[in-house]
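S.K.:
Protein chains in written order, with my numbering: chain Y, 10 to 313; chain A, 3 to 514.
1. Give a yes or no on whether 8 Å exceeds the smallest Cβ distance from residue 200 of chain Y to chain A.
2. Are the C-beta of residue 188 of chain Y and some C-beta of chain B separated by less than 8 Å?
3. Give me the Cα-Cα distance between residue 45 of chain Y and residue 163 of chain Y, rounded to the nearest whole angstrom.
4. Pull up the CB-CB distance for residue 236 of chain Y and residue 155 of chain Y, whole angstroms please, since I reckon it's below 8 Å.
5. Skipping 5 residues on each side, what residues in its chain have a beta carbon closer than 8 Å to that of residue 400 of chain A?
6. Find the nearest neighbour of residue 32 of chain A within the set A/39, A/46, A/258, A/58, judged by alpha-carbon distance.
7. Give the single residue among Y/86, Y/26, Y/27 whose Cα lies nearest to the Cα of residue 233 of chain Y.
8. Since I believe residue 98 of chain A is in contact with residue 158 of chain A (beta carbons under 8 Å), could you give me their beta-carbon distance rounded to a whole number of angstroms?
9. Write down every uninterrupted run of the alpha helix (DSSP H) in the region 208-278 of chain A whose length is 4 residues or greater and which is fully enclosed by it, in chain order.
10. Check distances from the C-beta atoms of the region 171-197 of chain Y to those of chain A and list, in chain order, the residues that come in under 8 Å.
11. Could you tell me whether the region 367-383 of chain A touches the region 178-197 of chain Y, where touching means 3 or more Cβ pairs closer than 8 Å?
12. Need the endpoints of the alpha helix (DSSP H) that residue 412 of chain A sits in, please.
13. Residues bridged to residue 170 of chain A by DSSP?
14. Taking 6 Å as the limit between beta carbons, can you name the residues of its chain near residue 160 of chain Y, skipping five residues before and five after?
15. Please report the straight-line C-alpha distance between residue 120 of chain A and residue 252 of chain Y, rounded to a whole angstrom.
16. Using beta carbons (cut-off 8 Å, strictly below), is residue 208 of chain Y in contact with chain A?
17. From the DSSP secondary-structure annotation, give me the bridge partner or partners of residue 303 of chain A.
18. Helix, strand or coil: which one does DSSP assign to residue 109 of chain A?
19. Kindly indicate which residue of A/218, A/309, A/253 has the alpha-carbon position closest to the one of residue 241 of chain A.
20. Would you call the region 205-223 of chain Y and the region 101-114 of chain Y in contact, with 3 or more CB pairs under 8 Å?
21. Using CA atoms only, rank isn't needed, just tell me which of A/201, A/233, A/153 is closest to residue 38 of chain A.
22. Within this structure, are the beta carbons of residue 105 of chain Y and residue 29 of chain Y separated by less than 8 Å?
23. Give the straight-line distance between the Cα atoms of residue 168 of chain A and residue 304 of chain A, rounded to the nearest whole angstrom.
24. Please report whether the beta-carbon of residue 34 of chain A lies at a distance below 8 Å from any beta-carbon of chain Y.
25. Which runs of the beta strand (DSSP E), 3 residues or longer, sit entirely within the region 311-395 of chain A?
26. By alpha-carbon positions, which one of A/403, A/285, A/172 ends up nearest to residue 52 of chain A?
27. Is residue 158 of chain Y helix, strand or coil by DSSP?
28. If you check the beta carbons only, do residue 266 of chain A and residue 422 of chain A fall under 8 Å apart?
29. For residue 249 of chain A, collect the residues of the same chain with a Cβ closer than 8 Å to its Cβ; drop the 5 residues on either side in sequence, then sort them by chain order.
30. On the three-pair Cβ rule with 8 Å, is the region 483-498 of chain A touching the region 319-330 of chain A?
31. Return yes when the Cβ of residue 157 of chain Y is within less than 8 Å of the Cβ of residue 8 of chain Y, no when it is not.
32. Looking only at its own chain, which residues have a Cβ that is under 6 Å from the Cβ of residue 198 of chain A, when we skip the five neighbours before and after it?
33. Have a look at residue 19 of chain Y and residue 270 of chain Y and give me their C-alpha separation to the nearest angstrom.
34. Could you tell me the distance, in whole angstroms, from the CA atom of residue 235 of chain A to the CA atom of residue 243 of chain A?
35. Residues of the region 435-448 of chain A in Cβ contact with chain Y at a cutoff of 8 Å, in chain order, please.
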């Protein structure tokens, strides 16, 4: 029973505590309208977190999310490729898959550290976008993305529905499929997984490709949300997604966990940032909170 | 006998007991060694030789009993205390640090210094003298990572001999040495002996025991079989002392005619690494074949290469596919597993099991082996329950974490994963490592049942009784080569040991 309690992600209790606190201290934050706004705001993070959690469950890490989103924003808004919108979106997805494949290649074949590899990828992508944007600055977002990012049906914004449409199939697949079982096995003991003939390289490669594609989707929502391209876009996401995955019950080095915990944690974090802002400690508080959570996660071992 | 009289004993072990977990490594063991002699300690793998010496070296402490040096009972809590008591140990595992130079390694922790600054030129001079002693011609400024294993071993020996000690423990010192190097070691041992030192010489190389030692103590299953004057024994007598125990009903009956079912696995001209020899062998359906031999003779490398886990530089493996035809198997881990060959590693905790997952998750991974990755992972709960019942796994329910099971039950879960996976060839390293006797016989029965239903099993084991009791056919491996193929029923431990050690004196020279 104690083990069961310990294995429940912190995010569930954390969200409840935060909501209760806000209900007392800042009741306006928990009104339906504002909550829906926060949910909308959380959607890009929640999408990115799904990929990050998959990487961490196979004992890898994806810090290239921010670079991918920046590149997606540039491809979509700079007008560098004069193509119809659907084609542009498709190119972004293919681009994401390619980045994921390159990350996975260095991690599985060259056996480089996932932290270093994906950080390098992020830096290279950012550098390329920055230099290109001197020639052609980012412009307006494609209409279809502005629709996803900004429209609502009744009072329900579309972006959380977009997230749900991605989350449900991916989470169900990870939970029900042989692939999901292999992910658990690699997380529990990568050496044993390798030796018993589980296709380790393929699993890790798929995890990274999926993570980068999800980063692209996250970028779609962000770009639509902002309405225009930006060189700041998605900068916080790699770190914030990491924090969300940890709060969502996936521990460093043990790879345990599911998909729902990190999603709840994405909401919890976004909510806490809003709460901090309303309490007058916006950006500094946000940074301190994230740092504290990462430090805590690094010291905390899995319950067994 | 003069050599065991307590009066002139420099070291005496009295009624020593030592266990690791549930394994009793030493049982009521008493032994004495006298100054000015070479005392060989021998026995099969796992007989307790190294454990006994680790007690004297301060690495482990006895559970009960007493060790006395020069007539004084001592409690050796650490290697440093043992060194202060005049015990110098040359360990079986190399303790050389690769990123330091030869001289730095030799003087690690006791560097000569002047007013706090290391006197490097003195250190180098003394290192050169030490290497001169063991006739090792390497530059004392060379980094140890660049040296061969034999050179490292010589440095290890030089380091141990430099110590100001009365008692020297040499644990399998010649594993990597060639003939002339062993001769040099022999001269060194002789000069230590004439200087009145006591040398404990641990080895299962009979040749060296007879060349170097005055007295030999034989250990078996943690007990002392006896201490003898070496010149009173013949080689054959010593072998019978080391082995020879009755085999009870531990083992299931064998398959009388396994070869009728046809060939399951054919390995031809397999070369595991450059200097090794090529090996060829085949395993029939319904058969359990065992690799026997001393530790580190290449058995492990062969089975790991066939499994796709270890390296191979040449050779071919064919396996029975659909329609009884033999098909080539690509020796990569994934391809080997897909072809229907299961590999069960020796180290179940780091290489075999998912300790933090449940029994169900561990076993299900085997059942799902033949499904594509994107398919639904549907596993019938009752199927796993049946398996656990059949294997007599003692667990509360299938949701229990594997880490909470006993060694024997963990071993069964690992075996069960492959039995449930539908493979028809099993490669098993040390099938019952760290498992109690009850679980042992159940594991043997499961392997036999697997063979009787048409499967083929290849095992590597360092326990001769296991090989002898379980296997239909025994391949003796020495120096990377299969030196004998013996029928499991007709052979004896003596015969296997004879091939595993040195068949003839010519072979013995070559080995040294």
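For every residue, glycine included, the Cβ atom is placed at its ideal position computed from N, Cα and C.
M.R.: Put simply:
1. Using beta-carbon distances, residue 200 of chain Y counts as an interface residue toward chain A, with a partner under 8 Å.
2. Among the chains of the structure shown, chain B does not appear; the protein chains present are Y and A.
3. Computed Cα separation, rounded: 11 Å.
4. Right, their Cβ atoms sit about 6 Å apart.
5. Cβ-Cβ distances below 8 Å link residue 400 of chain A to 360, 361, 362, 365, 383, 386, 387, 390 in the same chain, with the five nearest sequence neighbours on each side left out; the list follows chain order.
6. Nearest of A/39, A/46, A/258, A/58 to residue 32 of chain A, Cα basis: A/58.
7. If we check each option's Cα against that of residue 233 of chain Y, Y/86 comes out closest.
8. Yes, they are in contact, since the Cβ atoms of residue 158 of chain A and residue 98 of chain A sit about 6 Å apart, within 8 Å.
9. Complete alpha helix (DSSP H) runs here, min 4: 208-214, 237-244.
10. Those would be 182, 185, 186, 187, 188, 189, 190, 191, 193, 194, 197, in chain order.
11. Output reads yes: the region 178-197 of chain Y touches the region 367-383 of chain A.
12. Start and end: 409-421.
13. When beta bridges are read from the DSSP output, residue 170 of chain A appears opposite A/90, A/201.
14. Cβ within range, chain order: 167.
15. Residue 120 of chain A and residue 252 of chain Y: Cα-Cα distance of roughly 49 Å.
16. Residue 208 of chain Y counts as touching chain A.
17. DSSP lists no partner for residue 303 of chain A.
18. Residue 109 of chain A: coil per DSSP, three-state reduction.
19. If we check each option's Cα against that of residue 241 of chain A, A/218 comes out closest.
20. Using a C-beta cut-off of 8 Å, the region 205-223 of chain Y makes contact with the region 101-114 of chain Y, since at least three inter-stretch Cβ pairs fall below that distance.
21. Closest by C-alpha distance to residue 38 of chain A, out of A/201, A/233, A/153, is A/201.
22. The beta carbons of residue 105 of chain Y and residue 29 of chain Y sit no closer together than 8 Å.
23. A straight line joining the alpha-carbon of residue 168 of chain A with that of residue 304 of chain A spans about 42 Å.
24. By this cut-off, residue 34 of chain A is not an interface position.
25. The region 311-395 of chain A is shown to contain whole beta strand (DSSP E) runs of 3 or more residues at 316-322, 328-330, 343-346, in chain order.
26. Looking only at A/403, A/285, A/172, the smallest Cα-Cα distance to residue 52 of chain A is reached by A/172.
27. Three-state DSSP puts residue 158 of chain Y in a helix.
28. For the 8 Å CB-CB criterion, residue 266 of chain A and residue 422 of chain A do not form a contact.
29. Legend: pLDDT at residue 249 of chain A = 44, less than 50; position of this residue unreliable, value from coordinates given subsequently. Once the five neighbours on either side are set aside, the close Cβ partners of residue 249 of chain A are 467, 470, 471.
30. Contact between the region 483-498 of chain A and the region 319-330 of chain A is absent, because fewer than three Cβ pairs lie under 8 Å.
31. Nothing about residue 8 of chain Y can be reported from this structure: the residues present for chain Y run from 10 to 313 only.
32. Closer than 6 Å at the Cβ level, and outside the excluded window around residue 198 of chain A, lie 37, 38.
33. A straight line joining the alpha-carbon of residue 19 of chain Y with that of residue 270 of chain Y spans about 8 Å.
34. So the alpha carbons of these two residues sit roughly 10 Å apart.
35. Under the 8 Å Cβ criterion, the region 435-448 of chain A contributes no residue.
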